[in-house]
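Input: a single structure, listed below in structure tokens.
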Amino acid sequence: MLSLRFVRRVDGLTYEFVRDGDAHGFPSYKRLDLDIWCQRLPDFGWVVCAPLFS
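Note that this note's numbering gives residue 30 to position 25 of the sequence shown, counting from 1, and the numbers run on in steps of one.
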């Protein structure tokens with residue numbers, strides 16, 4: 006899958022994600038307008054998250 010689209014039911018707002026590499030052996034998707042990611046984390050499943058900074 007090359008892209009994902011999430012649609013908020015209450016108002017139809019759309020969030021677009023495109024495939025951008027792999028994380029933990031699964032595809033990783035980056036939101037087009039912000040530095041937000043949709044990734045599969047080993048202990049949690051699929052999540053939408055911001056990058057972690059150390």
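Built from N, CA and C at the ideal position, the CB exists for glycine as well.
Assigned exposure category for Phe22 - 16 Cβ within 10 Å defines buried: Position 17 of the sequence shown, counting from 1, holds the residue named residue 22. Per the 10 Å Cβ criterion, buried.
As assigned by DSSP and simplified to three states, the class of Ala55: Taking the sequence shown and counting its residues from 1, the one referred to as residue 55 is at position 50. Ala55 falls in the coil class under three-state DSSP.
The beta strand (DSSP E) enclosing Gly1, as first and last residue numbers: Outside the shown range of the chain, which is 6 to 59, sits residue 1, and nothing can be said about it.
Pairwise C-alpha distance: Trp51 and Trp42: For the purposes of this step, residue 42 is taken as the residue at position 37 of the sequence shown. For the purposes of this step, residue 51 is taken as the residue at position 46 of the sequence shown. Whole-angstrom Cα-Cα distance: 10 Å.
Member of Leu37, Val15 and His29 whose CA lies at the smallest distance from the CA of Gln44: Reading the sequence shown from its first residue, position 39 is the one you call residue 44. The shortest Cα separation from Gln44 among Leu37, Val15 and His29 belongs to His29.
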